[in-house]
Amino acid sequence: MQPDVFGDLDKFNGVLAKLDEIASRKSLDEHQVGLARILRFKQNRGLVHAALGYAKTIERASDILIAEVLNVLVSEDIPLETRTLAAGVLGHLIPHRHADSVSDFDLDRVVESMSYVLSRSHSPLLKKTLDEAISRARDRRRKRNGSRDCWSS
Numbered sequence: 106m107q108p109d110v111f112g113d114l115d116k117f118n119g120v121l122a123k124l125d126e127i128a129s130r131k132s133l134d135e136h137q138v139g140l141a142r143i144l145r146f147k148q149n150r151g152l153v154h155a156a157l158g159y160a161k162t163i164e165r166a167s168d169i170l171i172a173e174v175l176n177v178l179v180s181e182d183i184p185l186e187t188r189t190l191a192a193g194v195l196g197h198l199i200p201h202r203h204a205d206s207v208s209d210f211d212l213d214r215v216v217e218s219m220s221y222v223l224s225r226s227h228s229p230l231l232k233k234t235l236d237e238a239i240s241r242a243r244d245r246r247r248k249r250n251g252s253r254d255c256w257s258s
């Protein structure tokens with residue numbers, strides 16, 4: 106993975122231009138550390154929202170990016186629209202996580218956290234998006250484990 110190339114996150118247009126440039130080269134997978142940093146930058150919600158949009162194109166998701174997208178989902182001080190986008194992004198990233206990852210990162214806990222948000226949400230759209238995301242995560246897990254599901258409801 107490449108080092109973070111996004112520079113000063115207060116420079117919204119510059120960061121967006123860099124994201125566009127990297128996406129056009131189809132090399133966002135190499136810049137997941139930088140995407141994760143943008144997701145932690147809560148001072149500019151528009152930038153967080155944009156980074157989530159780009160994260161939906163990741164082909165081999167890293168643990169750090171999954172963790173930061175989850176942090177956006179569970180942050181109740183973030184607008185519901187952005188949290189809903191994060192739920193959908195998790196539904197994409199979890200099945201696209203490196204199959205050969207050697208890590209102590211616990212995807213079971215990620216899915217548990219998603220389920221918790223689902224159980225507490227009053228938003229029909231967030232519930233629908235989370236339900237679909239959890240289903241995609243479980244489907245991928247079943248395929249990898251030969252139909253054993255360790256994330257059962």
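The opening position of the sequence shown corresponds to residue 106 in my numbering, with each subsequent residue numbered one higher. We put the CB at the ideal spot given by N, CA and C, even for glycine.
Nonlocal neighbours in the same chain, by C-beta distance under 8 Å from residue i, ignoring five residues either side
{"i": "serine 218", "result": "Leu175, Leu178, Val179"}
{"i": "leucine 114", "result": "Val120, Arg142, Ile143, Phe146, Gln148, Asn149, Leu152"}
{"i": "serine 208", "result": "Asp168"}
Residue i, enclosing alpha helix (DSSP H) - first and last residue
{"i": "valine 262", "result": "Outside the displayed span of the chain (106 to 258) sits residue 262, for which this structure offers no information."}
{"i": "aspartate 125", "result": "117-129"}
{"i": "aspartate 67", "result": "The structure shown does not extend to residue 67, since the chain spans only 106 to 258, so no value can be given for it."}
{"i": "valine 110", "result": "Careful: valine 110 lies outside any alpha helix (DSSP H) and carries neither H nor E."}
{"i": "isoleucine 143", "result": "137-145"}
Short Cβ contact (8 Å threshold) for residue i with residue j
{"i": "valine 138", "j": "lysine 123", "result": "no"}
{"i": "isoleucine 169", "j": "alanine 192", "result": "no"}
{"i": "leucine 190", "j": "leucine 157", "result": "yes"}
{"i": "isoleucine 183", "j": "valine 215", "result": "no"}
{"i": "aspartate 134", "j": "glutamate 164", "result": "yes"}
{"i": "alanine 155", "j": "leucine 195", "result": "no"}
{"i": "leucine 231", "j": "arginine 188", "result": "yes"}
{"i": "leucine 185", "j": "serine 220", "result": "no"}
DSSP state of residue i mapped onto helix, strand, coil
{"i": "arginine 202", "result": "strand"}
{"i": "arginine 253", "result": "Residue placement at arginine 253 is poorly supported in this model, since its pLDDT is 46, which falls under 50; the coordinates are not used for a value here."}
{"i": "glutamate 164", "result": "coil"}
{"i": "isoleucine 239", "result": "helix"}
Proximal residues to residue i (C-beta, below 6 Å), its chain only, five neighbours per side dropped
{"i": "alanine 166", "result": "Leu198, His201, Arg202"}
{"i": "lysine 161", "result": "Val194, His197"}
{"i": "arginine 245", "result": "Pro200"}
{"i": "serine 258", "result": "Any answer about serine 258 is weak, because its pLDDT of 42 lies below 50 and its placement is not dependable; what the coordinates show is given next. Closer than 6 Å at the Cβ level, and outside the excluded window around serine 258, lies no residue."}
Residues of its chain near residue i, where Cβ-Cβ distance is below 7 Å and the 5 sequence neighbours each way are ignored
{"i": "asparagine 118", "result": "none"}
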